[in-house]
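Everything below concerns the one structure shown next.
Chains as they are written, first to last, in this note's numbering: chain A, 1 to 152; chain B, 1001 to 1152.
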C-alpha cells in the first residue's frame, strides 16, 4: 500500500470514527425519537400518494412532485438512528434490524431507489408511470416493515 | 378585477380549499405529531451546526452543506400542522400561534430565508460566512420559540 492510499484510508477511517463519535453524543432515546420522526414524516408525505393510487384522493401531479422531492430527503434520514446503542430502547424495531444488516441495507437501497424513481416519474407528468412508481414505493415500505417492524 | 385575475384568484382559493380539505382528513393529534417530528429533525440536523459555531464540534463543511440542504426541506414542513383544529391538543405551542398569524408568518419567513442563506453560504466554502449564517438560523429558531413556544 503506497503512502497516498494509506493516507486516504486513514482519512476515511477517521471520517468513520468522527461520524460515530458525532452519533455517539446523541442518547439512544434521542436517536429513536429522531428515526421515528423521519418515519412519521415519510407517512405524512407518502400517505396522500397512496390515496391517489387507490383513488381515495384526487390525483394531483404537483402534490406528487413536491412530496416525492420531500421523500427523497426523508428517505436518507432514519437509518443512522438504528444505532446498536438503541437496542434496549422500546420501539417497534425487531431485533433483526441489528443482526441482519445486509438485508437491512438492501431494503434501504430498494426504498431509496423507489423514491428516486418516483421523483423522476412525477416530473415526467405521466400519470400512469407515476402511479406505478407510487406502487413500488409502497411495496418497498412494506418490504422493510414486514421484515423489521413488529406487526402494528 | 379582470377575468384573468379573477380566474387566478378562484384557482388560488380552490387550491387553499383543497389543501385544507386534505389536511382536514388528518386528526389533530396526527397533525401535532407530524409538526413535532419536523421540529425534532430540524434539531437533529441543526444541532451539530450550532456546535460548530460554538466550537464544541469540529467545523466540517460537508456536513454543514448536507444538513443545510436537509434543513431547507424540513423548514417547509411543520407549519400546516399548526391547524386551528389542533388548538386543544396538548403541546408546547402558545395560544398566540393561532391568533398572531401575521407575526407567525414573519417568523417562518425569517427562518426559511436564514436557512436558504445558510445553504448558499455553505456551498461557497467560506467558513466565516457560513458560521455567520449558522448564527442567523439560530436566532431565527430562537425568535419563534421565544414568542410561540412555552419555556422549556
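All residues carry an ideal CB built from backbone N, CA and C; glycine is no exception.
Contact between the segment 1083 to 1099 of chain B and the segment 1141 to 1150 of chain B is present: 3 or more CB-CB pairs across the two stretches fall below 8 angstroms. Between residue 1131 (chain B) and chain A, the shortest Cβ-Cβ separation is not below 9 angstroms. Taking residue 1079 (chain B) as reference, the option from B:1067, B:1119, B:1051 and B:1098 with the minimal CA-CA separation is B:1098. For residue 1135 (chain B), not one C-beta of chain A is nearer than 9 angstroms to its own C-beta. In the structure shown, residue 66 (chain A) adopts helical secondary structure according to DSSP, grouped into three states. Interface annotation, residue 1149 (chain B): not in contact with chain A, CB-CB separation never under 9 angstroms.
Residue contact with chain A for residue 1073 (chain B): present (Cβ-Cβ distance below 9 angstroms to some residue of chain A). The C-alpha of residue 52 (chain A) is placed about 31 angstroms away from the C-alpha of residue 82 (chain A). In the three-state scheme derived from DSSP, where H, G and I count as helix and E and B as strand, residue 1035 (chain B) is classed as helix.
The residues 38, in chain order, have a CB closer than 6 angstroms to that of residue 77 (chain A) in the same chain once the five nearest residues on each side in sequence are set aside. Residue pairing for residue 1076 (chain B): DSSP places it in no beta bridge. With at least 16 other beta carbons inside 10 angstroms of its own, residue 42 (chain A) counts as buried. Annotation for residue 1125 (chain B): 1061 place their beta carbon closer than 7 angstroms to its own, counting only its chain and skipping 5 residues before and after.
At a cut-off of 9 angstroms between beta-carbon atoms, residue 70 (chain A) makes contact with chain B. Under DSSP, residue 1110 (chain B) takes part in no beta bridge, so it has no partner. Going by C-alpha positions, residue 152 (chain A) is about 26 angstroms away from residue 27 (chain A).
Straight-line spacing of the CA atoms in residue 88 (chain A) and residue 1040 (chain B) works out to 21 angstroms. Near chain A, meaning a CB-to-CB distance below 7 angstroms, the residues of the segment 1073 to 1089 of chain B are 1073 and 1077. At a beta-carbon threshold of 8 angstroms, none of the residues of chain A lie near residue 1107 (chain B); the nearest stands roughly 21 angstroms away. Nearest C-alpha to residue 30 (chain A) among A:137, A:110 and A:90: A:90. Residue contact with chain A for residue 1036 (chain B): present (Cβ-Cβ distance below 9 angstroms to some residue of chain A). Residue-level contact by beta carbon fails for residue 1118 (chain B) and chain A, as no gap is shorter than 9 angstroms. Here DSSP, grouped into helix, strand and coil, assigns residue 102 (chain A) to helix. With a contact defined as Cβ atoms closer than 8 angstroms, residue 110 (chain A) and residue 133 (chain A) miss out at about 13 angstroms. Under the DSSP assignment, residue 90 (chain A) falls outside any alpha helix (DSSP H); it carries neither an H nor an E label.
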